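Report on the following structure.
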Ligand code: GCU
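In the working numbering, the protein residues as written are 10 to 343.
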């Protein structure tokens with residue numbers, strides 16, 4: 010683990026100890042640390058604030074919820090590792106990177122898995138589909154207690170309008186650190202450059218990469234729209250963010266507390282989803298009018314055709330995903 014993160018956690022723990030030592034007869038509060046990689050203005054952060062408010066209203070005598078945005082506790086990969094060891098209690102991690110911790114998550118990383126955002130929401134909100142994955146990863150040291158909207162991913166490059174996969178040829182495009190994303194870029198003919206979210210802005214600015222792919226909020230909240238000129242609606246992935254919770258933390262909760270926390274996660278998800286649409290509409294305006302980025306709407310079917318082999322490749326490697334894949338296909342058709 011990164012030394013600087015260990016140091017941060019030691020300082021955090023020391024702080025807790027000192028506060029706890031203030032009075033002799035008062036039990037120190039238990040700190041619940043939530044790490045995420047978005048800004049303090051992002052729908053995800055707003056969802057976390059709602060969670061904090063609710064938990065502290067209900068159980069404030071015992072718990073102190075602390076939210077660490079902007080990769081303060083490390084990259085998502087670092088934070089997942091810290092959640093596994095119980096060093097932090099809750100992390101927001103893209104479904105993309107979770108596949109490196111548990112291969113079942115690969116299913117939601119497949120490009121063009123969903124026909125529309127409506128289908129995506131219908132599947133993600135159907136616990137008969139998601140429970141097995143979300144609650145079945147205790148062996149990995151965490152379970153998923155909520156899913157957060159992360160919209161639709163599209164390409165954005167500094168100097169290139171992406172109209173067809175050929176436009177990606179020879180372009181260095183940042184992808185999330187997951188084998189599925191690397192393979193997707195290979196099939197599209199681009200050069201995949203996996204890196205953490207926090208490094209993307211400076212890498213585009215310095216010309217280390219030609220661009221990246223993400224939802225609209227990456228351009229506004231993370232400033233990527235200041236360093237690219239084109240945003241191309243290839244709509245290649247709808248990848249949820251998962252709110253993962255350390256099993257070490259969950260196992261220590263009483264039954265009553267578990268019920269309260271579950272309600273808190275539900276509220277967090279609701280607030281995040283509610284604010285998503287509004288923030289994206291605002292972003293679409295800002296990107297074009299203030300950041301001067303040009304939008305284009307390529308024929309999506311060419312991109313879909315190019316990456317479709319990835320579905321069969323994944324299912325052949327992981328036949329146990331066939332069932333959920335079939336259910337999603339059926340839902341898409343409705
Ligand atoms: C989105 C997503 C994040 C993810 C990021 C990325 O912003 O919400 O969870 O880390 O994309 O591309 O890395």
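Don't be surprised by glycine CBs; every beta carbon is placed ideally from N, CA and C. Values in this document were obtained by computation on a predicted structure and should not be read as measured data.
Residue of the options minimising C-alpha distance to residue i
i           : options               : result
residue 294 : 228, 254, 138 and 321 : 228
residue 161 : 123, 95, 135 and 173  : 123
residue 324 : 231, 189 and 211      : 189
residue 327 : 65, 132 and 113       : 113
residue 199 : 187, 215, 178 and 206 : 178
residue 59  : 76, 221 and 47        : 76
residue 262 : 41, 167 and 245       : 41
residue 174 : 242, 93 and 238       : 242
residue 101 : 91, 45 and 129        : 45
residue 96  : 310, 39 and 306       : 39
residue 89  : 170, 165 and 146      : 146
residue 334 : 93, 138 and 70        : 138
residue 309 : 49, 74, 196 and 245   : 245
residue 144 : 266, 217, 271 and 215 : 271
Contacting residues, own chain, Cβ-Cβ under 6 angstroms from residue i (five flanking each side not counted)
i           : result
residue 282 : 158
residue 31  : The pLDDT assigned to residue 31 is 47, lower than 50, so where the model puts this residue is not dependable; a value taken from the coordinates is nonetheless given after this. Taken in chain order, the list of residues that qualify is empty.
residue 284 : 52 and 55
residue 344 : Residue 344 lies beyond the range of the chain shown here (10 to 343); nothing can be said about it.
residue 250 : 101, 103, 157 and 159
residue 217 : none
7 angstroms Cβ cutoff met for residue i and residue j
i           : j           : result
residue 247 : residue 56  : no
residue 64  : residue 186 : no
residue 67  : residue 268 : no
residue 78  : residue 35  : no
residue 155 : residue 252 : yes
residue 210 : residue 304 : no
residue 207 : residue 80  : yes
residue 289 : residue 296 : no
residue 118 : residue 131 : no
residue 255 : residue 151 : yes
residue 183 : residue 202 : yes
residue 258 : residue 61  : no
residue 108 : residue 115 : yes
residue 330 : residue 192 : no
residue 313 : residue 121 : yes
heavy atom of ligand 1 below 6 angstroms from residue i C-beta
i           : result
residue 206 : yes
residue 201 : no
residue 223 : yes
residue 5   : Because the chain in this structure spans residues 10 to 343, residue 5 falls outside the shown range and cannot be described.
residue 185 : yes
residue 159 : yes
residue 190 : no
residue 346 : A query on residue 346 cannot be resolved here, the shown segment of the chain reaching from 10 to 343 and no further.
residue 8   : In the structure displayed, the chain extends from 10 to 343; residue 8 sits before or after that span and is not available.
residue 212 : no
residue 290 : no
residue 136 : no
residue 294 : no
residue 46  : yes
residue 103 : yes
residue 250 : yes
Beta-bridge pairing of residue i - partner residues as DSSP gives them
i           : result
residue 246 : 162
residue 223 : 163
residue 155 : 252
residue 203 : 184
residue 42  : 75
residue 101 : 252
residue 258 : Residue 258 is not bridged to any residue.
residue 305 : 241
Own chain partners of residue i with C-beta closer than 7 angstroms, once the 5 adjacent residues on each side are dropped
i           : result
residue 51  : 226 and 230
residue 167 : 213, 219, 220, 236, 237 and 238
residue 341 : 123, 124 and 128
residue 311 : 173 and 174
residue 292 : 225, 226, 228 and 229
Cutoff 8 angstroms; reference residue i; Cβ partners in own chain excluding five residues on either side
i           : result
residue 300 : 228, 229, 234 and 235
residue 224 : 159, 160, 161, 162, 163 and 289
residue 171 : 164, 177, 239, 241, 243, 305 and 307
residue 195 : 201
residue 27  : Any answer about residue 27 is weak, because its pLDDT of 42 lies below 50 and its placement is not dependable; what the coordinates show is given next. Closer than 8 angstroms at the Cβ level, and outside the excluded window around residue 27, lies no residue.
Closer than 7 angstroms to chain B by CB, residue i
i           : result
residue 152 : Judged by its chain identifiers, the structure shown contains no chain B, having just a single protein chain.
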